[in-house]
Structure formats: C-alpha cells, structure tokens
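Enquirer: Can you read through this structure? Questions will come right after.
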Amino acid sequence: MAGAGPEGGLAGRGTMEAGTVADDVLRDGRLQGGASGGWAGSAREQILERVRGALGRTSESRARALADIAAALVDRGHGPRPPAAADLVERFKRESARMSSTLDTVTSLQAVPEAVSRYLAAQGLPRSGVVWPSLAGLDWARAGLTLEAREAREGDLVGVTGCFCAMAETGTVMTCSAPESPATASLLPETHVVVVPATRIVQGMEEAWQLAREEYGMALPRAVNFISGPSRTGDIEMNIVLGAHGPYRVHIVMVRE
Amino acid sequence: MRSQAMYFKVRAGDKLADRLLQQNLAKARSKFVDARAAAVAAYDGDFEALRSAGQGIRDRVLENLDLWLETFEERARARGAEVLYARDGEEICRLVTGIAQRHGVTKAVKSKSMLSEEAGLNAALTAVGVQPVETDLGEYIQQIDDNEPPSHILAPAFHKSREQVADLFARAHGKPRKTDIPEMTREAREVLREHFLSAGMGISGGNFLIAETGSVALVTNEGNGRMVTTLPDVHVVITGIEKIVPRLEDLATLMRLLPRSGTGQDISNYVSVLTGVKGEGDRDGPSHLYVILVDNGRASLVGSEFQDMLRCIRCGACMNHCPVYQTVGGHAYGWVYPGPMGAVLTPLFTGLGNALDLPHAATLCNQCGVVCPVRIPLPELLRRLRQRQVEAGLRPRGERIGMRAWAWLARRPRLYRLATRLVVRYLNWLAEGADRIRVMGVAPEWTAERDFPAPQGRTFHELYAQRRRTGEE
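From first to last, the protein sequence lines stand for chains B and L.
Heads up: take any position in the first sequence, counting from 1, add 12, and you land on my numbering.
Heads up: take any position in the second sequence, counting from 1, add 77, and you land on my numbering.
The following block contains the structure:
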C-alpha cells in the first residue's frame, strides 16, 4: 500500500508548484472521513482504521466514548500532589535556589531597575540588552541601563522579562509569548533577569494552568514556557554544565509590595 | 535506521571486550541511578501514587486512542497547525523532505527526536540537499562522529569520554583542542548558535500531545528545543500516535514523574507547551507548524498483549537501571531504543525474527519494572516475547530439542529423581569437597567467568523422603 500513490507526487519534487508531494500532503492531510484519493489522506485513514479495528470500535461505543472525552476535558480534577507549601514565597525561594537561580527581593515595581542594575554590576555583566515591551514603562535609564523593548536577537547579552506567574513547588517561572512578551528574551541572552510579583506565585502547575484558563480562556498563547533556572547539559561524561544553549544564569527579582 | 538487532550477541561481545567503552560506562553508570533515587527520596508526596496516576492517564488515552487523536487533531488545526500522518519511517522522510522543499529550506536544525532516528531522516534530508544539524549536545557529538547512532535516549553520547569528544571537536571545529567540559560546551554553543539563526526549519519530537488544547509539550534542559521551535519560520514536530494526554492537569502529573525518573531532576529546565503558529503582532515564533503523527508499528500494539508498552514516556529509567545495559551500553542493542524498553520495542516494531536475542538480553530482575514511572511490566512483556518466539518456531534447533528433552524427563517422576540424583553426585564429585565448582566438566563455558555453587548434600526429593522416614515434619 505505502508507496503506491507517492511516486506520482514525487515527480513534482523540487518545484514549488501545486502538485508537489508537500502540497498533496497538505491538502489531503486535512481530509476527514476517507474521501481522499491522495496518499497522505489514506495514511490518516489507514492508521485510524487500524486503531479502531484494534479497539473494536462501533458507532455506539464511539458516541459513548466521545461523551466521556467531552466530560474528561472539562473535568478539573488532578492527580496526587505533594502537600501544599504553607508559605508560597519561602518555598519558591528555596526551590529556585535548588534549580540554580539567584534571587533578590524588592518592595515595589519601581525599585526593580535599581535591583537589576545592582545585580549586573555585582556580577560584572554588561548593562545593555533587551526588555519585554510590557516592562518598558519602568525607568531603566535612570538605573544606568540601556534596554531596548523588543524581542532578543543575536548579540543581546541581557534579557529582562516578566512572567505570567511562578510556581512554588519547583521554583519555576511561567512565561507566555505575546507581542509585549516575546519568547526569545528569556532564551537568547546569556543572562536572564525575570521579575516575579510575589502575588503571582502559585502552588504548582495545576494552579498555573487554572490561572491561564481564567486569563486566556481556551486559547493558550503560542508558547508557554516553564523555566526553572539556567539552561544546562550533562551530555559530556554526565558532568552538569550551566549554560548550554540558553542563558548561563537566571536572576529573579521578586516584588513584594 | 537499519536495525542491527539480530547481531546482539556478537555486538555485546565486542562491547564487553572494548576496554575504553567499559571504562566510560563504569564512570557514567551509577549517576542516573543515584540521581533518580535521590529525587524520589526527596519528593514530599507519594511517588507510588504518582506512578499509578501516570499509568492511569496513559491507559485512559490508549483505551480510546482513535477518538483522542481526532480530538487533538481538530484542536491543533483550529490553531493553525497542519496535522499529518505517517505510516512508517519512509513516509516520515517523504513528508519532511516535502515540507522542506515547499518552503525552500536548505538547512534544518533538530532537537532530539527518536522518531527521526527510526526513520533515518537525516540521510533523507541530505539526499535532497537539506543540511540537518543536530543541536542536542549529545546528538551533535554523535553527528560529527560520522553519524554514529545515539547509545542512550537521554544522553546520546553516554558512551564517550571527554577525551574522545575533545578529539571530535578539534577535528570538526578546526579550533585548538580543549578538554575542559564547560569550555567545550561553550564552543559547541557558539557553533550551533550560528545554525539556529540561519536555519529555515526546526524539527523536534514531542514529549506529549495535549488533546484539550491541541498543544505539543517539549521537555528539555539545554534550551535547544526552545531554539528549534522559536527561531526558524517552519517548525515540524515528529511524534508517535500514542503520545496524547487528555488535559493540561495530566501534563502536570506526568511532569512530576518524567524528570525524576529519567535524570533525577525535580523538573527539567524548560517545559514548553506550544500551540499553533505565530499570532498577530507576535515578534517571534514560526509561521508554519506541522505535526506529523507516526504509526510505524504502534497501532498494531493497540489492543494486543503488548499494549502496556504504549504507555512509555521515554524517560530512560529502565535502561539506566538495567544490569545488561549498564554492562554492554546502548549500541549492542542494534536499533534506536536500547535497554529493556528497546528489547520490547525493537522486535515489535522491526519483526520478532529480526531481534531474536533482545528479549533474552535481560535477567528479568525487574529493576526496570520497579522504576518505570508508568508501571509498564517490562519483564512480563519480555517473557511474552520469548513465548511468541517459541510459538513461532524461531528458537534454535538445539534449544528446541533440549527443551523437549527436559519436558520429557520432567514428566516422568521416577526417571527425573534418578537423573537428579546422578547429577548431584556428579557435581559433588566435580567440586572435590569444596563449596564451588571451578571448572564445569560438561559445560566449561559456564565457569569461564565465574564459579558454579556446588549442591549442598543430596537432592530435595532424597532429603524429603528421609524426613518422612524419620518422622520429622
């Protein structure tokens, strides 16, 4: 079966015109219900048929299972979890340190630029880079920092971001991509500084998703990233090295008003 | 990837004789085991309850896999993803090369995808003029070592020493040789950064597919997974049809299991949940997202006595804890997946007759079963595969005759008692009064590497009969 259809499609290989393999694939891949004459459509149908056959699927069982699935998808129950931390802030501090993040606390959002400046100076790091457009309103210049409000590009050494929320259980920050919160700012620069309001620290990933549902509805942002400390690798002799492809260091500035 | 699994015995022998490999394995083997033990001990909840929950989540999906696939598909498409299906490795290659050509791509950066290893995708991309660049540090090391296959699903260059990697870097990068691991890592980072920025396409696997939101979840430490799915304009996900989980809450549960079981981390550095394409006004992210759902043998396990294997979340704990894997390393297994999970998957995916030794490359000690985060009964599956081999008449002639002879004897109690009495006396004679036999007379290979314990006195039947006579209970 496999290979019977594709040869015709392959004739168009290398061109960008309609009729290339990819275009056949993309068109047929969308077809529902097996009406496709193309090989990708039949791949879908064949695989689903194999699964249905193996499960002994019937129209009655289909209707019943679909109802179960619909119910399961709106059920907000969760699996077993560790006991809730009594003090979310303390737990977050402890766990983020275990994941090799550093942390500083300030008492107002306006105090953040000074705190970032202090950190960069103490570490001997560059004082310029990028900041999330959502934080562009802070007075970075007065703290002696040159931060451009945009996505990060190659050569940007410092990325300052906010977060959607943070998780006490694992010392994790959650970021959501959007025009004013680009994903690259926490990824390309060697240093990632992240601003975490203490009020946005939640217990664990379940609460983080709950918050996302409340604020985004059904449509998740394109990229939700759970970040726990600097990037790392253990691929050479199982030696852990901080700073693989992403940041070498993650510094958290917690705002506790 | 062409399977070499039929040559396990020969390959394992070579690996045992490879002194450098043995040194490298000795250094690395306990690290994952210790890390998992520490992470599970430090977990302040009930880890066994978590394992049961993980099993439950995966089973729930497998019970109605067809409909969960349809649900995922519909929701992923609604967010702008193209969802495609591939029956086998060849079809993966056709789809991905087709997509590359559609977008005029000449370079593709890849984060780790075991399915692309199943398909031999790199060779297919190269053949149509697309340069594949592996970006996971371990995979990259393997790629510049003349495309040597990975030997571990988490740490592909697990079997290499830093000295070997230093030689490879010096050769591939044309820079002075370095042996400091952080410096070597920085050098690779700089080389690969160029590739991230210039590639037209990113290829990744998918740890989980979330039906509720039509999202792909990726779990990485290095950040290469994020690069590959953020910088190029086209992102292709290649993943198995079994990878679906129902909801975001289920991801939360599984993320408590996966990193602890694999690398011994409480959480991996990056957990990315990717949904659809770059939105209106977005400053980064791909404009095109393709999700390729692959069968390649998986659908045939649904509803079979091997369905439990489809729960696998590819954490690597089974191989990390396997005494056979620890001793021979991953390459001996001859295909993509080593260790106990590979010993089950390879015969099921590539044919029972093409991997005859693998179900026997286990002591059935059940370490793998004990550490599996989704409670796959790996020893039981290996035993079933052995049974299937016997039923299919695939075992060697000598073994079949031997087994038949033993069965014949075991069904004749008098003869059996007589035979065991003779054997016990023969073994005692061989032991020459010691408690162990140094050289076994009829099977000298057995004692080439170890002693054989001598029987303690007479046979069980003799001792039992004596007790009955003397009135002891």
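All C-beta atoms in this analysis are idealised placements derived from N, C-alpha and C, irrespective of residue type, glycine included.
Just so we're clear, the structure is a prediction, and the values are computed from it rather than from any experiment.
#1: I need the boundaries of the beta strand (DSSP E) containing Gly141 (chain B), first residue and last residue.
#2: Rounded to whole angstroms, what is the Cα-Cα separation between Cys399 (chain L) and Phe176 (chain B)?
#3: Check for me: the beta strand (DSSP E) holding Met179 (chain B) runs from which residue to which?
#4: Report back the beta-carbon spacing between Ala376 (chain L) and Arg62 (chain B) to the nearest angstrom; my notes put them in contact at under 8 Å.
#5: Can you name the residues that DSSP bridges to Ala83 (chain B)?
#6: Under DSSP, the beta strand (DSSP E) around Met396 (chain L) begins and ends at which residues?
#7: For the candidate residues L:Trp485, L:Val242, L:Gly122, L:Pro473, whose alpha-carbon lies nearest to that of Asp223 (chain L)?
#8: According to the Cβ coordinates, are Val305 (chain L) and Ser275 (chain L) closer than 8 Å?
#9: Please work out which residues of its chain come closer than 7 Å, Cβ to Cβ, to Ala82 (chain L), disregarding the five sequence neighbours upstream and downstream, and give them in chain order.
#10: Near His231 (chain L), which residues of its chain fall below 7 Å by C-beta distance, leaving aside the five closest residues on each side in sequence?
#11: Of all Cβ atoms in chain L, is any one closer than 8 Å to the Cβ of Leu43 (chain B)?
#12: Quick check on the burial criterion: 16 or more other C-beta atoms within 10 angstroms. Buried or exposed for Leu97 (chain L)?
#13: Determine whether the Cβ of Ala109 (chain B) lies closer than 8 Å to any Cβ atom of chain L.
#14: With a cut-off of 8 Å on the beta carbons, I'd call Glu150 (chain L) and Val138 (chain L) a contact; round off their distance for me.
#15: When the Cα of Val210 (chain L) is compared with those of L:Arg270, L:Trp145, L:Phe529, L:His408, which residue comes out closest?
#16: Between the Cα of Asn284 (chain L) and the Cα atoms of L:Ile390, L:Thr497, L:Glu125, which residue gives the shortest distance?
#17: Should Ala294 (chain L) be listed as close to the ligand FMN, given that the test is whether its C-beta is under 7 Å from any heavy atom?
#18: For the candidate residues L:His437, L:Leu335, L:Thr352, L:Leu492, whose alpha-carbon lies nearest to that of Lys86 (chain L)?
#19: Is the shortest distance between the beta-carbon of Ala16 (chain B) and the beta-carbons of chain L less than 8 Å?
#20: Under 8 Å between beta-carbons, which chain L residues line up against Val63 (chain B)? List them in chain order, please.
#21: Three-state secondary structure (DSSP) at Gly475 (chain L)?
#22: Which term fits Asn301 (chain L), buried or exposed, when burial requires 16 or more other beta carbons within 10 angstroms of its beta carbon?
#23: Would you grab the beta carbon distance between Ala89 (chain L) and Val405 (chain L) for me? Rounded to a whole angstrom, and I think it's under 8 Å.
#24: Could you name the residues of the region 74–91 of chain B whose beta carbon sits closer than 8 Å to any beta carbon of chain L, in the order they occur along the chain?
#25: Please determine, among B:Trp152, B:Ala224, B:Val185, the residue with the shortest C-alpha to C-alpha distance to Val101 (chain B).
#26: Could you have a look at Gly416 (chain L) and say whether DSSP puts it in helix, strand or coil?
#27: Would you please verify whether the beta carbon of Ala23 (chain B) is less than 8 Å from any beta carbon of chain L?
#28: Are the CB atoms of Pro454 (chain L) and Arg128 (chain L) within a distance shorter than 8 Å?
#29: Which residues mark the beginning and the end of the alpha helix (DSSP H) in which Tyr84 (chain L) is found?
#30: Residues in its own chain within less than 8 Å of Ile169 (chain L) by CB, not counting five upstream and five downstream?
#31: Is it the case that the region 335–355 of chain L contacts the region 237–254 of chain L, given that we only count it when at least three CB pairs across the two stretches are under 8 Å?
#32: Do we get a CB-CB distance below 8 Å when we pair Asn284 (chain L) with the residues of chain B?
#33: With 8 Å set as the bound, which would you pick, yes or no: does the beta-carbon of His257 (chain B) sit closer than that to a beta-carbon of chain L?
Expert: Inspection of the coordinates gives the following:
#1: 140–143
#2: If you take the alpha carbons of Cys399 (chain L) and Phe176 (chain B), they lie about 41 Å apart.
#3: 177–179
#4: Cβ-Cβ separation between Ala376 (chain L) and Arg62 (chain B): approximately 4 Å, consistent with a contact (criterion under 8 Å).
#5: Note: Ala83 (chain B) is not bridge-paired with any residue in the DSSP secondary-structure output.
#6: Here Met396 (chain L) belongs to no beta strand (DSSP E); instead the alpha helix (DSSP H) covers 394–397.
#7: L:Val242
#8: no
#9: Tyr410, Gly411, Trp412, Thr423, Thr427, Asn431, Ala432, Leu435
#10: The sequence shown places Leu at residue 231 (chain L), not His. Within the same chain, Leu231 (chain L) has close Cβ partners Gly339, Thr340, Gly393.
#11: For Leu43 (chain B), the predicted model reports a pLDDT of 32, less than 50, meaning its position is unreliable; a value from the coordinates is still stated below. So, not an interface residue.
#12: exposed
#13: no
#14: Actually they are not in contact, since the Cβ atoms of Glu150 (chain L) and Val138 (chain L) sit about 14 Å apart, beyond 8 Å.
#15: L:Arg270
#16: L:Ile390
#17: No copy of the ligand FMN occurs in the structure displayed, which carries no ligand at all.
#18: L:His437
#19: Its pLDDT being 35, under 50, Ala16 (chain B) is placed unreliably by the model, and the measurement read from it follows with that caveat. It does not: the Cβ of Ala16 (chain B) has no partner Cβ on chain L nearer than 8 Å.
#20: Leu142, Asp143, Leu146, Ile318, Ala376, Val379
#21: helix
#22: Classification for Asn301 (chain L): buried.
#23: 4 Å
#24: Arg74, Ala77, Leu78, Asp80, Ile81, Ala84, Leu85, Asp87, Arg88, Gly89, His90, Gly91
#25: B:Val185
#26: Looking at Gly416 (chain L) - three-state DSSP - the assignment turns out to be helix.
#27: The predicted model places Ala23 (chain B) with a pLDDT of 31, which falls under 50 and marks its position as unreliable, so this point remains unresolved.
#28: no
#29: Note, Tyr84 (chain L): premise wrong, no alpha helix (DSSP H); not H, not E.
#30: Ala163, Leu192, Ser193, Glu195, Ala196, Leu198, Ile315, Ile369, Val371, Asn373
#31: Contact between the region 237–254 of chain L and the region 335–355 of chain L is absent, because fewer than three Cβ pairs lie under 8 Å.
#32: By this cut-off, Asn284 (chain L) is not an interface position.
#33: yes
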